[in-house]
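FYI, the working numbering numbers position 169 of the sequence shown as 161, with every residue one higher than the one before it. Working notes for the structure below.
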Amino acid sequence: MYSQIAGTGAHLPEKIVTNGDLERMMDTTDAWIRDRTGIERRHIAADHETTVDLAEPAARRAIEAAGVRPEDIDCIVFATSTPDYVFPNCGVLLQQRLGCRPGGPAFSVEAACSGFLYALAVADKFVRTSDSSCALVVGAETFSRITDWSDRSTAILFADGAGAVVLRPAERPGILSTHLHADGSYKDMLYCPGGVSRDTPAFASEERRKAITMTGNEVFKVAVTSLGKVVDEALAASRLDRSAIDWLVPHQANIRIIQATARKLDLPMERVIVTVQDHGNTSAASVPLALDAGVRDGRIKRGDLLLLEAFGGGVTWGAALVRY
């Protein structure tokens, strides 16, 4: 038994913040942002919108595209670093919103920008072992809530959005392999301080602003190296050559990282799904948003071989080789 992506969906908040808007907020320029990141605009959640609010329409679109009903969903794996509550988890909240089958597992995973690939790997195993016949995988974030809008090194990057896929059983491989990694020795390179268990007088002297902190140059170096290795790992697992890849669907963190990964695969940028210019870095929502864009505009077709990859704080990284 294998799992296959039966449908994709996406949702973005209505509010758009352009580079021109940021020029009026901080010491930066549109040209500087485009040159270093490739980002032109990003979507930001309204004050009343939560992560699950963004996830619900993305999930409904994926369910519709898969030709199933919410009642058919028997497993939800929800990737996010910006949940609505400490608990209940976002998977449970989404299950109730959608009207899914009660009793099936619904839970969240947190691996920062790699979160969707972690969630996809978990759901894939539920389907492969026949513990699920229709799994919903979601990546959704409201990263604007943990962004310091006075810090130009991070404020230009992060944004909000949601993407989702439905996995169904298949007799032929859909998801060929998944590859997940982490290295906590780099934890201080990209992180968001603060947390429930550290909110005590003992930690009163710590930084408590709870905003993303990043050393950009170091992130770039480690990301490019790590993604290069996991790309080779994914191809070797299926005994495939780089030329077999039809589409690279990367995490939309930075155009320079995307270009470096494409060069590693000897892929022209015409065979890379790039949405960073319109979406910015939406963390766990990034890969499913890009995947949905490629599917819905007709570039990605049934039978195409896709390489999905991501790198995030922690640090975490991963890849998935998928026959769409």
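C-beta: ideal position from N, C-alpha, C; glycine also.
What does residue i pair with, by DSSP beta-bridge criteria?
i: Q(-4); result: R160
i: Y183; result: T205
i: V264; result: L240
i: H271; result: H271 pairs with nothing; no bridge assigned.
i: G304; result: T308
i: G1; result: A156
i: V287; result: In DSSP, V287 forms no bridge with anything.
i: F70; result: S100, V130
Here's the rule: buried if 16 or more other CB atoms are within 10 angstroms of the residue's CB, otherwise exposed. What is residue i?
i: P260; result: exposed
i: Q88; result: exposed
i: H40; result: exposed
i: N273; result: buried
i: T134; result: buried
i: E262; result: exposed
i: V78; result: exposed
i: E6; result: exposed
i: S275; result: buried
i: R164; result: exposed
i: S230; result: exposed
i: V188; result: exposed
i: N11; result: buried
i: M181; result: buried
i: S124; result: buried
i: G95; result: exposed
i: D116; result: buried
i: N209; result: exposed
i: T267; result: buried
i: T192; result: exposed
i: D284; result: buried
Note down, in chain order, each residue of its chain lying with its Cβ closer than 7 Å to the Cβ of residue i, except the 5 sequence neighbours on either side.
i: T139; result: T146, A147, F150, A203, I204
i: T21; result: E15
i: A162; result: Y(-6), S(-5), Q(-4)
i: Q269; result: G30, I31, E32
i: V314; result: I(-3), G166, I167, L168, L298, L300
i: A36; result: It should be noted that the sequence gives Ile, not Ala, for residue 36. Around I36: P5, K7, V9, S136, A151, D152.
i: D296; result: D238, W239, Y316
i: V114; result: V69, V101
i: Y183; result: T205, G305
Using three-state DSSP, classify residue i as helix, strand or coil.
i: K221; result: helix
i: N81; result: coil
i: I36; result: strand
i: E41; result: coil
i: D76; result: coil
i: E6; result: coil
i: L299; result: strand
i: L281; result: helix
i: V211; result: helix
i: R61; result: coil
i: T192; result: coil
i: L46; result: helix
i: I148; result: coil
i: I55; result: helix
i: L259; result: coil
i: T170; result: strand
i: I25; result: helix
i: R315; result: strand
i: I31; result: coil
i: S136; result: helix
i: D13; result: helix
i: R93; result: coil
i: S142; result: coil
Quick one: residues in its chain with C-beta nearer than 8 Å to the C-beta of residue i, no 5 flanking neighbours on either side, listed in chain order?
i: E225; result: H171, A311
i: E56; result: G(-1), G1
i: H173; result: S218, V222, T308, W309, G310
For residue i, which residues in the same chain have their Cβ closer than 6 Å to its Cβ, ignoring the five residues on either side in sequence?
i: A252; result: V216
i: F99; result: N81, G83
i: A132; result: T43, L46, A47, T72, A154, A277
i: P97; result: C67
i: R234; result: L257, D258
i: L159; result: S(-5), A115, V119, A127
i: S106; result: A302, G304, T308, W309, G310
i: G220; result: K256
i: C92; result: P62, I65
For this session: Taking only runs that begin and end inside the region 222 to 254, name each unbroken beta strand (DSSP E) of 3 or more residues, in chain order.
Result: 239 to 242
Problem set entry | Length at least 4, wholly inside the region 99 to 132: the alpha helix (DSSP H) runs in chain order | 107 to 120
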